[in-house]
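Chemist: Line by line, the protein sequences are chains A and B.
Our numbering numbers the first residue of the first sequence as 1372 and each following residue consecutively.
Our numbering numbers the first residue of the second sequence as 190 and each following residue consecutively.
Where a beta carbon is used, it is the ideal one built from N, C-alpha and C, also for glycine.
Since we're looking at a predicted model, the values are computed, not measured.
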Amino acid sequence: MNPILSFIVILIGVYGLATSKNIIKSVFCVTIIEAGTILLFLNFGVYEGGLIPILNAIGIEIVDPLPQALMITTIVIGSTITSLALMLCIKIFHHYGSIEWKVVLKGDK
Amino acid sequence: MIKRISLVFLLGFILYLFSTSIENLADIYNSAGKDFFRDNGFYDTGSMNLVTAIYLDYRLFDSLFEAGILLIAVSGVMWISQHNTLEKNATFMLDKQKTPELFITFSRLLYPVMLLFGMYVIINGHLSPGGGFQGGAIVATAILILYYIDISKSIDVNKILTIEKFLFILLLSIAFLSLITRNEVFTNFIPVDGSAGMKSIFLILLNIVIGAKVALGLIAIFTAFLKEGR
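1. Going along the chain, which residues of its own chain have a beta-carbon closer than 7 Å to the beta-carbon of glutamine 323/B, five neighbours each way excluded?
2. Where does isoleucine 1433/A sit, in a helix, a strand or coil, going by DSSP?
3. For leucine 1422/A, list the residues DSSP reports as bridge partners.
4. List the residues of chain A whose Cβ lies closer than 7 Å to the Cβ of proline 289/B, in chain order.
5. Measure from the alpha carbon of glycine 1384/A to the alpha carbon of each residue in Phe1378/A, Ile1394/A and Ile1403/A, then state which is nearest.
6. Does methionine 308/B get closer than 9 Å to chain A when you measure Cβ to Cβ?
7. Return the CA-CA distance between phenylalanine 414/B and isoleucine 269/B, expressed in angstroms with no decimal places.
8. Would you list, in sequence order, the uninterrupted alpha helix (DSSP H) runs of no fewer than 4 residues that lie entirely inside the stretch 354-407 of chain B?
9. Any residues in the stretch 322-356 of chain B with a beta carbon nearer than 7 Å to a beta carbon of chain A? Which ones, in chain order?
10. Taking 9 Å as the threshold (C-beta atoms), are isoleucine 408/B and isoleucine 332/B in contact?
11. The stretch 1452-1479 of chain A: which residues have C-beta closer than 8 Å to a C-beta of chain B, in chain order?
12. Note down, in chain order, each residue of its chain lying with its Cβ closer than 8 Å to the Cβ of leucine 361/B, except the 5 sequence neighbours on either side.
13. Report the CB separation of glycine 314/B from asparagine 238/B in whole angstroms; it is logged as a contact under 8 Å.
14. Could you list which residues in chain B have their beta carbon closer than 9 Å to that of asparagine 1393/A, in chain order?
15. Would you call the stretch 1425-1439 of chain A in contact with the stretch 379-391 of chain B, where contact means no fewer than 3 C-beta pairs closer than 8 Å?
16. Tell me where the alpha helix (DSSP H) around threonine 1390/A begins and ends.
17. Would you report the Cα separation of alanine 401/B and glycine 1430/A, rounded to the nearest angstrom?
18. Using only the alpha-carbon positions, how far apart do leucine 366/B and phenylalanine 378/B sit?
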C-alpha cells in the first residue's frame, strides 16, 4: 500500500489509453485509471493499528474517514460512466461495423 | 516506436515528479480532520459510522450531485439505447436466452436471502459498514436474479426512470427540510441538541431513498444492455 505503487497503476492506465487501438480497450484503461485513483486516495490517512471508522467502542484509534467517503461516490460514478461508454461502443459498432479506432476515425461507413 | 519510447519517458518523468512531491507527505497531511471527525462526529450527526456521517451530513451537497450524476447517466443510457424502428426483425439476446434449470432452482432459494441482506445493509447504514450505495447494489442484484428466472416478465424501463426522477426530487426536498427547522440547508432536520436516536431518523430516511435510487438505476442500466445485445 505505497502511494507510488498506486500512482504507477494510474500511469499504466494512461499509457494504455494513449496506445490502445480498440475502443473497448480504451474503456478498460479508463477503469484502470479509476482503480488506481481509488487505491491512491485510500492510502492517505491509513496507518498501522488504525481501525475502521466506526465508533462502537470508546477511545479507539480510527483511520481517516474522509477519503473513504469520497471514494464511495467515485465507485458509483465510475460504474455509470463505464456503462455509458460501453453503450456508446455498441452504437458505434452498429454504425461503422467495427470498433477499431482506425476505422472509426476515417469516418466512412 | 519513437512515439512510444518518448511516451514512456514522459510518464517516467511524471512519476519522478510525484515521488519527489510525496516525500514530505507528513508536512502536507496532518491528522486534524481525523481527530475532528472522531471527537465531534457522533454528537453532530448521530451516526456511529463516520463515513455515513460525512456523506449524509457534512458533505450532503456532494452526495446530492452524485445522485444527480447517476440519474443523468441512466437517462443517457436509456436515450442512446433507443431502437431504430426499421429493425423490426432483429433478434435480441433476450429472445435467445435460455436460463439453465440448476440456476433457476438455486436462485429461487437464494434471492430472498439476498434481498433481506440488502435491506439490512441499507437500514443499518449508520451503525455498521454499509449504507445506501452499497445496499442498493445488493438489492439490484437480487431483483436481477429474479428477472433472470422468468425472463418473459418484462420490466418497463421508462416507468423505472420516472420513479427515479421522483425519488431525486424527494431526496432534494428532504435535504432542504433543514431550512425550516435549523435555518441552514443540506444538513439534518432534527435540531442539534436532539438525541442520537432522533437524529438517526434522518439518516435512515435518506439511506432508504438513496438505496432505492441506486437499485432502480442499476436495474435500468442492466435491462437496457440486455435489450441491446443482439
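Modeler: Per the coordinate set shown:
1. Counting from one through the second sequence, the residue named residue 323/B turns up at place 134. So the qualifying residues of the chain are Val310.
2. Here the question's residue 1433/A lines up with position 62 in the first sequence. The answer is strand: DSSP assigns isoleucine 1433/A an E or B state.
3. If you number the first sequence from 1, residue 1422/A lands on position 51. DSSP lists Ile1433/A as partners of leucine 1422/A.
4. Walking along the second sequence from the start, residue 289/B turns up at place 100. Close to proline 289/B, with beta-carbon spacing below 7 Å, lies no residue of chain A; the smallest spacing is near 26 Å.
5. Position 13 of the first sequence holds residue 1384/A. It is Ile1403/A.
6. In the second sequence, counting from the first residue as 1, residue 308/B sits at position 119. Not one chain A Cβ lies under 9 Å of methionine 308/B.
7. Residue numbering aside, residue 414/B sits at position 225 when the second sequence is read from its first letter. Residue numbering aside, residue 269/B sits at position 80 when the second sequence is read from its first letter. Rounded to whole angstroms, phenylalanine 414/B and isoleucine 269/B show a C-alpha spacing of 11 Å.
8. 367-370
9. Phe322
10. Numbered from 1 along the second sequence, position 143 holds the residue referred to as residue 332/B. Numbered from 1 along the second sequence, position 219 holds the residue referred to as residue 408/B. Yes.
11. Within the stretch 1452-1479 of chain A, Ile1452, Ser1454, Leu1455, Leu1457, Met1458, Leu1459, Ile1461 and Lys1462 place their CB atoms closer than 8 Å to a CB of chain B, listed in sequence order.
12. Here residue 361/B corresponds to residue number 172 of the second sequence, with the count starting at 1. So the qualifying residues of the chain are Leu253.
13. In the second sequence, the residue the question calls residue 314/B occupies position 125. In the second sequence, the residue the question calls residue 238/B occupies position 49. Rounded, the Cβ-Cβ distance is 7 Å, consistent with contact.
14. Position 22 of the first sequence holds residue 1393/A. Neighbours of asparagine 1393/A on chain B: none; closest Cβ ~17 Å, over 9 Å.
15. no
16. Residue mapping note: residue 1390/A aligns to position 19 of the first sequence, counting from 1. From DSSP, the alpha helix (DSSP H) with threonine 1390/A extends over 1374-1390.
17. Walking along the second sequence from the start, residue 401/B turns up at place 212. Walking along the first sequence from the start, residue 1430/A turns up at place 59. Approximately 35 Å, taken between the alpha carbons.
18. Against the second sequence, residue 366/B aligns to sequence position 177. Against the second sequence, residue 378/B aligns to sequence position 189. Cα to Cα, leucine 366/B sits roughly 6 Å from phenylalanine 378/B.
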